[in-house]
Structure formats: structure tokens, C-alpha cells
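If you read the sequences in order, they're chains Y and X.
Here the first sequence stands for residues 1233 to 1571, numbered as in the working numbering.
Here the second sequence stands for residues 37 to 832, numbered as in the working numbering.
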Amino acid sequence: MDLYQEAKQNRIDFQSEIDALELTEQSVENLRIKYLGKKGIIRYLFQGFSSVKPEEKKEYGQFVNVFKNEVEGKIEELQESLIKQKTVAEVFDHTMPGIRPQRGSLHPISLTMREIVKIFQEMGFDIEFGPEVETDYYNFAALNFPDNHPARDMQDTFFVEKDILLRTHTSPIQVRAMQKYQPPMRLITPGRVFRNEAVSARSHCIFHQIEGLYIDENVTFADLKTTIDIFAKRYFGKNVKTRFRPSFFPFVEPGAEVDVTCFICGGEGCRVCKKTGWLEIMGCGMVDPNVLEESGIDSEKYSGYAFGMGPDRITMLKYGIDDIRLFFDSDIKFLKQFK
Amino acid sequence: MIINRNWLEKYIDIPFSDTDLEEHLTYLGLETVMLKNPVAGLDKLIVGEIKQVEKHPEADKLTICQVFDGTEIKQIICGADNVAVGQKVPVALPGCELPGGFKIKRSKIRGVESLGMICAEDEIGLSDNHEGIMVLQENTQPGITMENYINSTIGASFEVDLTPNRPDCNSHIGIARDVSALTDGELRIPEILLKESEERTEDHISVDILDEIGCPRYAARLVKGVKVGPSPKWLADTISSVGLRPINNIVDLSNFVLMETGQPLHTFDYNKVAGKKIIVRKAKANEKVTTLDSEVRTLTEDILLICDAEKPVAIAGIMGLENSEISKETSDVLIEGAYFDPATIRKGSKTLALQTDASYRFERGADPVNVLFAIDRIASLIQQVAGGIICKNRIDRYVREIEFPEVTVRFKRINKIIGYDFDKKWVVNKFQRLGCEILEKTDEEVTVKTPSWRPDLEREIDYIEEVVRIFGMEKIPEPKSLSIILNDEPNKKHMFIEKMRTDLCGFGLNENYNNTLVSQDMAKFELYDRPAIELANPLSRELAFLRTSLIPGLLNTAKLNFNRGNFDLKLFEIGNIQVREEKSQTKARETMNFAVLMTGNTEIINWSYRQREANLYYLKGLLEQIAEDYRIGELSFEKIENEIFSKLVRVTAKGQDLCLLGELHPLYLNKKQGIDKNIWILEGNVDLLFELFDPEIRYNSLPKYPATQRDVSIVVDRSLQIGDIEKVIREKAGKNLADFIFYDEYKGENIEKSKRSLTFNLVFQNNERTLLDSEIDKVMIKIHTALHKELNAELR
Ligand SMILES: [Zn+2]
């Protein structure tokens, strides 16, 4: 049998092998090696080209090429059906739960403080810290609270001993800053504060404050209003309105309290705002000249404003938390919700 | 303080509705809330007019009344004997429930139908009065509710929450003055009609002030021959409208003048004052007195006393004593009007833990001038209401004159502070309305004298506040742009702490906050036994110390969660601890710490993998990761002993103590904490970590030449530590060792009991060339030899 004859027979054999093939990775691979391998039939047929009769060479050449393409095409086809068969066969339950990455959570008050701090940072305020155990001087005297004055009753104080106490507000940080830096200064003071008040759903002996201070030439009450209004809109939503009511804090004059329209009812009146449509969120005012002078700042040349708010209360309002003790009980089911 | 609208209108016209008044006062800085009518259910009662009265045929004491209720005539049986045709009366119709809970029904009384009830004051909760039915004002419209009637006759009442700087507003006149500044309405100060007798006060009483600091002024009047008894209706109604209970005409009048003028007055039964003498002096230590509330009180030398020739008769400015109290038998009333030093009264009130309406006002600063007005006012009212004669002249001992400042206010300065251009005339007018005397006025400034009732107005800035307060803070326009200060160096510590919080969250930990205030037991935490700071005035023993470690708080949190069925916890806290340090100004050394607690499984339960319980190496890994990410350099770990930990490691960095980590001893957890779970804890110092933290990220170019990996498997004594093996391997591997990974440990079958099998993966790499297999082979032989020789390791 000459080679051309042999080739024709090979092609017939290939076809019957394909027809009889049981589709497995192994059988397809065997077939590939048999026909397309280094020592395979196709290669053998090409190698024998010189032994073919000269008049048949052209025809033979064409025949082997066609055969080769046919084998390649068929084997590729078989390999594809193998992959398809495999993916179809795989059991896949799309209703099984996913495997989740593990993530922790920030304390809700950390979350609130972060949001508040960010807004003021974008307005050019920097952050200052200070000690929680303070002297009477920084907590009261330097802030224009006279000795034996009823203003001190506004803040029930924990004492360590005479003239040493747990800070009742973060304002002592402001005093320390005023004594450390020269104006202009613009800073906020996040931190924990202490009041000697019985622990209940509504009040705790520890809570947090963020106070702000801005001292420069020509700082006005009008500037304060703008700053607070922008803060309120950015934190509570752009439709929120603010209102300023005169109030009294020894370290500011004039002093004011700020209400925002209740963001729960939109000012219509609800249980949270006690039907008033307003929520009290902070105290503020122009820094009292006595406070500036006490810290060595010329109160004729410089003026400033200060404000302070309680992130605990704001967090409670924002999420509808009705018991402040939840913040310090640390039930993991509570903590995990603030992500 | 409670005020009443009708009472307020005696002194000022109020061109506002009740709700607007509430809002205007609030915007003046006098935080005001309108009070609901004190008696609930008055809206269910209506006013009826009695059209006809006839005797009940079957009962002598009953009458049959025909009552017009605004729409129709109803028949009601009444038992009171003061009932008469034409009266306007409160009527409860069937279906209505009285404040006492009694429900009115249609009924038959001795055979006659009754469609409701005509009420007495006590039956509808307005007073204790049961002397017949309540008769309303003649011009009342039948058919309106009783709530409407009460509001229109007595007026709405308001609770005013005053700030401590405004003692003047503790009175109706004071609030009226603020309203007049707002509206420019005329303030009406009541005129006093005094009919003095020929008898002279100074013949009956003399005053000696031994403490001129505590008592700068003491004035007195004497009214003789009064008749103490119930107050007339107008007086009882007026003081009831601000929540005070009528007692007798003298006491009620002193309350009336208090609420009218803000001046606390005291009245003595003159005949109980011995020796015709009043002496003002400090108490002696341990002097005992019985105050009006029948309490026996022990005094200190801080407390100011009013005495007669023999004994104390009042604690000055705070409360009178029983021994000189006005009673039914009193006929001569001695009236005291004084100005006491605010600090003295405050100290006394604190010492005695006794705050009264009087002390509240004196410690905030009463009016030293209008004392005279107040005693004349009450004397004239006593004469009007209780009869008697007013002795001629008043005693007035003004031993230390109180000065009122003269303050110059620059118009430019007002504008500079507030940021608004105020009209000068407007400003001056408002100062006058507030009662300031204008001493001088130019185009630049105005000089005023502070009125005696405004101790808060001392400086220019105080007047600037008055300007914005009266003008309305709301009306100050807000600028559309602000200058900002640009920071070239933001607070790095804050950034660091926030980064730590974020990173610890990223590690899957939940942040929690624990109380700074802890019990003595928690403060003396055995791991450190640091000296703790104790509070002088704690809320309770449980909250009497400052925490010296974050761990006890975390253990409490774990306990709370265990009790609630939460057993898998990965918690962290970043917070301050305080340790007592004598040489510090605050006796405290304050450190910011971080702590991590792990217990239970580290992963949430899932179908795909098995949960693993936490262990010491999770905490160690966490710390190693932080050390790497924060570029703090080598950490060194040292095993230490502590009785409350079964395993404990001290971690140092650059020779400083960075943190401790360990497993709490099961005996400690069990016995001391009542916990039967394993707990791992880490606590370290944030301040130090921040110091060591290197914020600069340094980029290394990617390696150009391939790495080669080799495994080392050895069997060694169990007592041999990985650290020792690593040391040997690193030493022999030299500078081409790019990574050293310990990745398998095996103990058990096929290995001697005292041994363990360990596998390490070594990565070799050089930045300048490809390493040859033959070089690495040589190094590996050196390593193997050394491990065998130095550590007696058996190669596998
Ligand atoms: Zn609301």
C-alpha cells in the first residue's frame, strides 16, 4: 500500500475512532497524541512526502493538509465539549450563603465625632487634646467662673481634691491652647467629660464634647452664625434651619443656644422634639474678654467665638437611641450596627 | 420660675398672643414654656347659667335647678345652699368624668330627674374649697368650657428657666421690663399708698449689723394690730396662678411681693422678738436652730444669722426659724427687707444643703436699692388686706454701700463684635428701657449707669450682649463667606489615633467605650497594681476611682455579653487611663492606651470552613502587623510571670515597654470574675506607639531577579523555641535570605514524644543577579550542619 493509500485509510480510521470515542480527558488526549503528537500520524504523513509518486504529489499534499485541519478542528471541538460537559455536570446551589469578609465597627460616638470633626477640619479647624483630670484654674477660674458663683452649679463636678477635678467640659483645652499659641487660631477639642449626675437613660456621669474656638482680628457674632449654620446643614441636611437664642455661659458674652429644626419631623413637631419642631444642639458665643485677657490675648485687638456640642446626644437623636447607657454597656449586638 | 400673663399685664401691655409671648421671651434669653392648665379635665366641664331654682318636693336640702348650658336648658338637682338664680356655674354633664374619677350619669334623685352636676371648687380640683358651688364671674358666657374660663380669668402661666446671670427676671416686674425693652411699651411700677401712724418704728426696734460683709443693708418696718387670716380671693388666686399655695394673708403677701419685685422679704411675729432688737451676726460653730420646716439644723461659722436680743430668729437669706413664725395669734408684724452678700448666702446654703426661694435669689444677687420699695409695698398691702397700722419711718441700716458701675459703650465696638451696624439712637433707647441712666452720649459712645437690679452688667461687652439680645440674634444677617486659617501641620496625634481606630476595625474588631469611673477593685487591677486616683465626691462606691487600665472594663463588657448569649467577642478600646502621681500638678499621670480582648471563635460560623478559637497568637499577629504597618521597628517578646495570667508576654520596642499580651488565668476568671471562658487580652500604650510610628512609606523597587525557595524540615526537642532556630538559620543563610517562613508544626505519631517536627520555607533573592542553585545548595548545607550541631536537630 503506498503512502497515499495509507493516508486515505488513516482518514477513514480517524472518522471511525471519533464515532466510537467515549468522551474523557484521557481518550481525547490519547487521540491528540496519536494524530498530532511528535510521533503522530499527521507528522508521519508529512515526512513521507518524498516517497509519493511525482504526479500525485500535489494532490497528496492537499489531501494531508485537509486531513490535518480536520483532525485539529475535531480535537479542539472535543476539548471544548469536555469543558462544557464538566461545567454542566458541576452541582451549584446559588442559594447557599456567601463567605463574608470579617469587619469590625467603630463606636457610634467615634463615628459621630469623626463626621463632626471632618466638617470643621474642612473649614480650617485643627484638633487639640487635653487632660481629663484638670485643675480648677483651667476648668473654671480661667473661664470666668468666679469662686462661689451659682454659675458653677450649672456643672456638677467630681473632685479629686481641692482645686483638682475631672473636667466638666472640654473648654480647659481651649484655655491651654490660648496660652500655648498666638492668634489667629482655629481649633476644635473632642474629648470625654464628667459630670456628677446620677446615671439614667437620659444622662450619664461620663459623656463627650466637641468644642470649637476661633480667635482673630475682626471675628464677629455674625461669623459664628454662618459657621454654625453651615455645620448644621452639612451634618443634619441642607434643609435644616438654625436659630440662635440668647443664653448664658460664663466664658462667652454674648452667649447663645442653638436649635436646629427637628430632622426627624422636619419641624412639624414630634415626640423627639417634644412637639416644638426644634432640637437644641449646642451652646456658643463670643469669647469673653476676661477669658482672652486671662490667657494673655489682647481683647481690644482680637475677638473670637467658641461653641460646644455633645456627640452623645447628637448620636442619640440621629439614630433614635433612647438610652444613653447603651453607649457604655457595649452589647456586641448594639456595637455591630454602626458600620 | 412660674409667671402668669395676667399678673404680668399689671406692669406692661402685652401685644402678643400666649404662644408669641412664649417665643418672644425665649428669644430674649428667658427660656419659656407655656404651662398646661394645672387641672386636667377642665375642658370637659362647661359654664352654665342658673335660670330657675325651686325646692325639691321630697328633700329639704336639695333644690331643682334649670340650667342653661349655652344651647338648651337642663334640669339639675343641687345640694348646695349658696345656689341662686342668675349665677354662672361650672357644670358637669352626663358622660363627663371629674378629676377625682367620678363619672357623671343621668340619674333620678328622690324621684326627680337630674342631668348633671353643679360643681364646687374641690370637686373639679381647683382648690380644697367645699363651701358651696363655685360661682363664676357674672359676665361669663354660658356654654364655654371651664378651661377657657380659667385661662381668660386667671391667664396663661409660663415656666421660665432662668440663667444664673439674670436675678432681676426672678420677678414679674423684671420680666415686664425686658418686654418693655422689646416692645417699647411703658413699664408700670405700682404706686404705694402708705398711711403711716404717729407711732415711730425706731421706738420699737433697733438693728445692729455685726457682719458688714455678709449684710450690707438691713431695712425693717413694723405693722401693728393686723388680723392674720385667709387671703382674699384676688390674692389667693394670684399666687395660685404661679404655683404657690395660699397659707395666710401675711405669708401670701410676702410671696406676692417676692414674685412681683424679686425681693425676698421675711416677716417675724414682733412679739416673739426679744429685747426690741435685731442683731445680724455670724453663727457660732455647732449652734443649733429649728427652721420653719421643723428641721433641727447645726450651723457653722460661715452661716449668717438674724438674732434678737436673746436668740437667733432666722438664718439670714435662707429660712426663718419656728420661734418667731407668723401664726394666727400674731398681731404685730416685723418686716425684714435686706441685701445679703451673694457669696455668703451661697456658702451657707451649700453648707446646710438647703436652697429656698430666698437663698436662690440672694445668691444670684438681689437688688440692694429696691429693698426699700419692697418693704413699703408689703407694708401697704398688709394694711389693705389684714388691717393694722404702719409705724412711722422705716429702719434702714445701709452699712456697706453697693456701687453700680458706670460703663462706656463704643458704638463701633458693638458693630465690631456683632458684625452688624446698629442705629445709635435705637441702642440708647433700649438701654433706657432696660432702666439704665444715660450719663453722657456722643456720636462715638454712650456712658450709662448700671441699674441696681442688673449685677450682670459690669462691662462694655455685657452691654453689647444686651444690644444683640434685644435686637434679636435671629435678625443678625449671616455673611456668605468666611476667612479660613490654613494649617500647614494638622494634629498628627489625632490623625494617628483615627488611623488606629480604622485599622483595628479593619482587623475585624468592634470598638467599645467603657467608663473611666470604676470601683476600687477594678482600679487596683492586679496585673499592674498601679496607684489609683480616688474621687472626693463619687456618685457611688462602684464609681469612686479612675481606671488605671482598660482591661477591667473590657472584662465587664465580656461578662455582660456572656450573660446575653454573645460568646464570640473581638473588642478594642482606645482611651485614657489615669495613675496617681504626686509630683504632677493634677496628681495624675494620664496615658492614652489601647486594648484588645478576644474570646470564643475568631470567625463567624459558616458552612465552608471550621471556626477556630482565638488564641495568644492572634493577638501577637495583630501586634506584629501593626508593628510592620506602622514601621516601628523590631519588637522583642519576653515571657513574664503574673498570677492572674496563665500566659503573659511583655512586648518592647526600642527598649521601651509597648504592651502586654496574654491569656487570663482560668482560676482568676473563675474565682474573681465568675467567667468560665478563655479570654485573651492585649493592652498597650498609644502615646508610645505614636512616638515610634513612622508615617513615611518607603517604596522599594520590585526585584529584577528571580527568587529561589527551599524548605527545611527538622525534628527537634519540644523545648527548643522557634526563635532560637530562626536565629541559627538567619545567621547561616546570610544576606541573600529574603524571607523566613515557619509554616508547619507536627507532634504525634512517628515522632518521639519529647520532640516536634518543624518545617520552614526559606526564600533566597539577590537584587543584583540571579542566584545559582549551586550557591544556595552550599548555604543549605551550612544551615543543616549548624542546625544539627548547635541545636541537635534531625533532618527529615
Ligand atoms: Zn420633631
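Even for Gly, the Cβ is constructed at its ideal location relative to N, Cα and C.
The structure presented is a predicted model; accordingly, all values stated were derived computationally and were not measured.
| request: Mind checking the stretch 448 to 460 of chain X against chain Y and listing, in chain order, the residues whose C-beta falls within less than 8 Å of any C-beta there? | output: Considering only beta carbons, the part of the stretch 448 to 460 of chain X lying closer than 8 Å to chain Y consists of K452, I453, I454, G455, Y456, in chain order.
| task | Specify the secondary structure class of T392(X) as computed by DSSP and reduced to three states. | result | Shown here, T392(X) sits in coil according to DSSP, grouped into three states, outside any helix or strand.
| task | Would you check whether ligand 1 has a heavy atom nearer than 6 Å to the C-beta of C1516(Y)? | result | The answer is no for C1516(Y).
| query | Considering only C-alpha positions, which residue in the set S385(X), T303(X), L756(X), L703(X) is nearest to F681(X)? | reply | If we check each option's Cα against that of F681(X), L703(X) comes out closest.
| Considering only residues of the stretch 161 to 232 of chain X, which uninterrupted alpha helix (DSSP H) runs meet the minimum length of 4 residues and lie entirely inside it, listed in chain order? | For secondary structure counted as the alpha helix (DSSP H) over 4 or more consecutive residues, the stretch 161 to 232 of chain X holds these complete runs in sequence order: 182 to 190, 208 to 219.
| Excluding the five sequence neighbours on either side, which residues of its own chain have a C-beta within less than 7 Å of the C-beta of N1371(Y), listed in chain order? | If we look at N1371(Y) and ignore the five residues flanking it on each side, its Cβ neighbours are L1397, R1399, T1400, P1404.
| query | Taking 6 Å as the line, does the beta carbon of V1504(Y) fall inside it for any heavy atom of ligand 1? | reply | Yes; taking the cut-off as 6 Å, the Cβ of V1504(Y) has a heavy atom of ligand 1 nearer than that.
| query | Given D813(X), which residues of its chain have a CB within under 7 Å of its CB, disregarding the five upstream and five downstream residues? | reply | If we look at D813(X) and ignore the five residues flanking it on each side, it has no Cβ neighbours.
| For the stretch 537 to 562 of chain X, which residues have a beta carbon sitting closer than 9 Å to at least one beta carbon of chain Y? | With the criterion set as a beta carbon lying under 9 Å from some beta carbon of chain Y, the members of the stretch 537 to 562 of chain X are R537, T538, L540, C541, G542, F543, G544, L545, N546, E547, N548, Y549, N550, N551, T552, L553, in sequence order.
| Can you tell which of I362(X), P282(X), E296(X), A389(X) has the C-alpha that lies nearest to the C-alpha of E331(X)? | Here the closest residue by C-alpha is A389(X).
| Alpha carbon of N573(X) to alpha carbon of K623(X), nearest angstrom | The alpha-carbon atoms of N573(X) and K623(X) are separated by roughly 16 Å.
| field | Span of the beta strand (DSSP E), counted from its first residue to its last, around R1424(Y) | value | R1424(Y) -> beta strand (DSSP E) spans 1417 to 1426.
| query | Which whole-angstrom value describes the C-beta separation of M634(X) and Y653(X), a residue pair presumed to lie in contact below a C-beta threshold of 8 Å? | reply | Contact between M634(X) and Y653(X) is absent: CB atoms are separated by about 11 Å, not below the 8 Å threshold.
| At a Cβ threshold of 7 Å, is Q614(X) touching chain Y? | It does; some Cβ of chain Y falls within 7 Å.
| field | Helix, strand or coil at H92(X) according to DSSP, with G and I counted as helix | value | In this structure, H92(X) counts as strand in the three-state DSSP scheme.
| said: For a contact defined as C-beta to C-beta under 7 Å, what are the partners of N201(X) on chain Y? | reply: Result: F1480.
| query | If S1435(Y) sits next to I1556(Y), beta carbons under 8 Å apart, how far is it from one beta carbon to the other, in whole angstroms? | reply | Yes, they are in contact, since the Cβ atoms of S1435(Y) and I1556(Y) sit about 7 Å apart, within 8 Å.
| For G1540(Y), which residues of its own chain have a beta-carbon under 8 Å away from its beta-carbon, when the five flanking residues on both sides are left out? | So the qualifying residues of the chain are H1401, T1402, S1403, Q1441, I1442, E1443, G1444, M1514, G1515, C1516.
| query | Between T62(X) and chain Y, is there a C-beta pair that is closer than 7 Å? | reply | Proximity of T62(X) to chain Y, defined by a Cβ-Cβ separation below 7 Å, is satisfied.
| said: Nearer than 6 Å: is that true of the beta carbon of I1513(Y) relative to any heavy atom of ligand 1? | reply: No, the Cβ of I1513(Y) stays beyond 6 Å of every heavy atom of ligand 1.
| task | For chain Y, find out if any of its Cβ atoms is closer than 7 Å to the Cβ of T622(X); answer yes or no. | result | True, the Cβ-Cβ gap to chain Y drops below 7 Å.
| task | Give the range of the beta strand (DSSP E) segment to which F1439(Y) is assigned. | result | From DSSP, the beta strand (DSSP E) with F1439(Y) extends over 1438 to 1448.
| What residue range is occupied by the uninterrupted alpha helix (DSSP H) comprising W43(X)? | That run of the alpha helix (DSSP H) goes 41 to 44.
| query | I641(X): beta carbon under 6 Å from a heavy atom of ligand 1? | reply | Because no heavy atom of ligand 1 lies under 6 Å away, the Cβ of I641(X) does not count as near it: no.
| said: I need the DSSP call for H824(X), collapsed to helix, strand or coil. | reply: Three-state DSSP puts H824(X) in a helix.
| task | Give the secondary structure of M1518(Y) by DSSP, where H, G and I count as helix, E and B as strand, and everything else as coil. | result | DSSP, reduced to helix, strand and coil, places M1518(Y) within a strand of the structure shown.
| Taking a cut of 9 Å between CB atoms, which residues from the stretch 631 to 649 of chain X lie near chain Y? | So the list reads T638, E639, I640, N642, W643, S644, Y645, given in the order they occur along the chain.
| So what does DSSP say about I426(X), is it helix, strand or coil? | Strand, per DSSP.
| query | When you compare only the Cα positions, how much space is there between D56(X) and I438(X)? | reply | C-alpha of D56(X) to C-alpha of I438(X): approximately 38 Å in a straight line.
| Going along chain X in order, which residues have a C-beta closer than 9 Å to the C-beta of R1334(Y)? | The sequence given here has Gln at residue 1334(Y), not Arg. Residues of chain X whose Cβ lies closer than 9 Å to the Cβ of Q1334(Y) are, in chain order, F543, G544, K606, T638, E639, I640.
| Cβ contact check for the stretch 53 to 71 of chain X and the stretch 207 to 225 of chain X: 3 or more pairs under 8 Å | A contact is defined here as three or more CB-CB pairs under 8 Å, and the stretch 53 to 71 of chain X meets this definition with respect to the stretch 207 to 225 of chain X.
| query | Under 7 Å between the Cβ atoms of R413(X) and V264(X)? | reply | In terms of Cβ geometry, R413(X) and V264(X) do not form a close pair [threshold 7 Å].
| query | Shortest alpha-carbon distance to R792(X) belongs to which of S755(X), A352(X), L44(X), P515(X)? | reply | Of S755(X), A352(X), L44(X), P515(X), the residue nearest in Cα terms is S755(X).
| query | In terms of residue numbering, what span does the alpha helix (DSSP H) encompassing M295(X) cover? | reply | Residue range 285 to 297 is occupied by the alpha helix (DSSP H) that includes M295(X).
| query | When burial is assigned at 16 or more other CB atoms within 10 Å of the CB, is H877(X) buried or exposed? | reply | Outside the modelled stretch of chain X, which goes from 37 to 832, sits residue 877(X), for which no answer is possible.
| When DSSP builds the beta bridges, which residues end up paired with Q801(X)? | In the DSSP assignment, Q801(X) forms no beta bridge with any residue.
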